[in-house]
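Remarks on the structure that follows.
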Amino acid sequence: MFGFETVELSRALTAMTLIFHAIFATLGVGVPVLVSTAEFIGIKKKDPHYTLLARRWTRGYTITVAIGVVTGTAIGLQLSLIWPSFMQLAGNVIALPLFMETFAFFFEAIFLGIYLYTWDRFKNPMYHWLLSIPVVIGGTLSAFFITTVNSFMNTPQGFEMEEGRFTAVDPLAAMFNPATPTKVFHVISSSYLTAAAVLAGIAAFIILMKKGSLYHKKALKLTVMMTFLFAILTAVAGDLSAKFLAEHQPEKLAAGEWHFETEEGADLVVFGSLNENNVVENAIRIPNALSFLAHGDFQAEVEGLNETPEDERPPLWIHYMFDLMVSIGFYTLGISLLFLLFWKMKKWNEFHPLLLWGIVATGPLSMLAIEFGWIFAEVGRQPWILRGFMTVAEGATTSPYVFSMFVLFALVYLVLAIGCLATLRKIFKGKPAELELEHRYPQTAAASKEGDE
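Take 0 as the starting number for the sequence shown in numbering that gives the first Met the number 0 and just add one per residue.
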């Protein structure tokens, strides 16, 4: 259809679904941590500002969870519709984590419902806060189980190959494959980071537009502090992931770093371009840094891409995905640290407009980093859908109706996006936090007004 091969359309449809789903899945994993933290601080400090933060964040979170359910279901459907050969080969191996991911979601959803409908129902508010813990656990477990499936696709194990079929399947060995520890750590930490950055960006934007109240300033300080902590965790996870790639997927690391020749003391290439002979030009080179990134030793040998057969090499443009992801990560770490320094230095104004705009940018940039990271992870595995066992071309459907499915799902995602934005607007427009604070906690609202003045 329109000159596109079925395999290309299948990849495009799956890419569109994953890119859209990643937005809601990331928030679904990260926001509960922020909600639980805010409510806990509110209870311990007896500060209704933080309690109200938890209330309002939960309302928005509920909408994103609902959209994430639909897009997650679409992914499961497309595994069977678009990649039938892959599911026929590996379906019995990945069935356990797919089922457990569904179980984790229902676990999260049940406790989220209880959490939503039990506000102010307990004399001791700590009992209500305890209900947030299963929501956090459920969201994080959901990410864990589905990430083990992706990890398996990168380092498959837990089976024997007999006559083109997987037999003697060990589901636990398949789940806990070599890629699982670093990949799960990276996915979960970056989800926490992105959720904190998005909420920090919203708080900073409101302060810029409306001179925000004490409520928004507390929200900003909490979310930026969480952003900084999770940025450190994500940096550690990224370092471990690079070392994993060097050992288990050297071709992905080499393609992502434009490292062609095996050598000791390898340089780290940042951005730049390639000429027709694959010679790196106009790049920033950090001497010996790739060797350190890959093996923790500035003189270590790093395998070059030329060691990999040409038909098994990932596309070289993933280099930009890697560099953009890392650059955004360091930017987020730096801007959050700068805010915290301004906050602690009494003579400096942490609410300076330039600094606030820098924080506003972390929200969309962090979400883009999630997308860039997943593109690097998935395209960097090419040409394999199941590394070493099945290529993408072998796993794709031969149905002539993939283009029709692409259009149908694109329309569904458009409706979902519009519905999500319209619903969030309905929930929050004309209902500022200050009015709700005054309604629920009049004494705190009065003190806040005096503090703002």
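Glycine included, each C-beta is placed from N, C-alpha and C at the ideal position.
Where residue 168 is concerned, there is no enclosing alpha helix (DSSP H), because DSSP gives it neither an H nor an E.
Runs of the alpha helix (DSSP H) spanning 4 or more residues and lying entirely within the segment 144 to 206 occur at 170 to 174, in chain order.
For residue 257, the CB contacts under 6 angstroms within the same chain, skipping 5 residues up- and downstream, are 268, 279, 318 in chain order.
When only Cα atoms are considered, residue 326 and residue 364 end up about 10 angstroms apart. The C-beta separation of residue 139 from residue 230 comes to about 18 angstroms, leaving the pair out of contact by the 8 angstroms criterion. The residue among 262, 60, 29 with its C-alpha nearest the C-alpha of residue 420 is 60.
Pairing residue 196 with residue 226 gives a Cβ-Cβ distance under 8 angstroms. The Cβ atoms of residue 405 and residue 11 sit closer than 8 angstroms to each other. Secondary structure note for residue 383: its beta strand (DSSP E) is the uninterrupted segment 383 to 385.
With respect to the 8 angstroms criterion, residue 142 and residue 28 are classified as neighbours on the basis of their beta carbons. Per DSSP, the beta-bridge partners of residue 284 are 268. In the displayed model, residue 279 falls within a strand according to three-state DSSP.
Between residue 5 and residue 397, the C-beta spacing is below 8 angstroms.
The alpha helix (DSSP H) runs of length 4 or more contained entirely in the segment 112 to 146 are, from start to end of the chain, 124 to 129.
Counted as a single uninterrupted DSSP element, the alpha helix (DSSP H) harbouring residue 79 occupies residues 47 to 81.
Taking a 10 Å sphere around the C-beta of residue 153, we find 16 or more other C-beta atoms and assign the residue as buried. Restricting attention to 422, 415, 431, 177, the CA atom closest to the CA of residue 22 is found in 415. In its chain, beyond the 5 residues on either side, 152, 153, 248, 251, 313, 386 have a beta carbon closer than 8 angstroms to the beta carbon of residue 380. By the C-beta criterion, the segment 282 to 289 is judged not to be in contact with the segment 304 to 312, since fewer than 3 inter-stretch pairs fall below 8 angstroms. Between the alpha carbons of residue 155 and residue 352 lies a gap of roughly 50 angstroms. Restricting attention to 62, 366, 189, 224, the CA atom closest to the CA of residue 115 is found in 62. In the structure shown, residue 344 adopts coil according to DSSP, grouped into three states. The residues 256, 258, 265, 266, 267, 301, in chain order, have a CB closer than 7 angstroms to that of residue 289 in the same chain once the five nearest residues on each side in sequence are set aside. Residue nearest to residue 342 within the set 424, 212, 221, 391 is 221 (criterion: CA-CA distance). Annotation for residue 150: 176, 178, 179, 182 place their beta carbon closer than 6 angstroms to its own, counting only its chain and skipping 5 residues before and after.
Sorting 274, 110, 411, 429 by C-alpha distance to the C-alpha of residue 316 places 274 at the top. Residue 389 is bridged by DSSP to 385. Taking a 10 Å sphere around the C-beta of residue 164, we find fewer than 16 other C-beta atoms and assign the residue as exposed. Contact between residue 102 and residue 130 is ruled out by a C-beta separation of about 19 angstroms, above the 8 angstroms threshold.
Secondary-structure assignment with DSSP links residue 262 through a beta bridge to 301. Annotation: residue 237 to residue 295 spans about 13 angstroms, alpha carbon to alpha carbon.
A residue is called buried once 16 or more other Cβ atoms fall within 10 Å of its Cβ, and residue 426, having fewer, is exposed.
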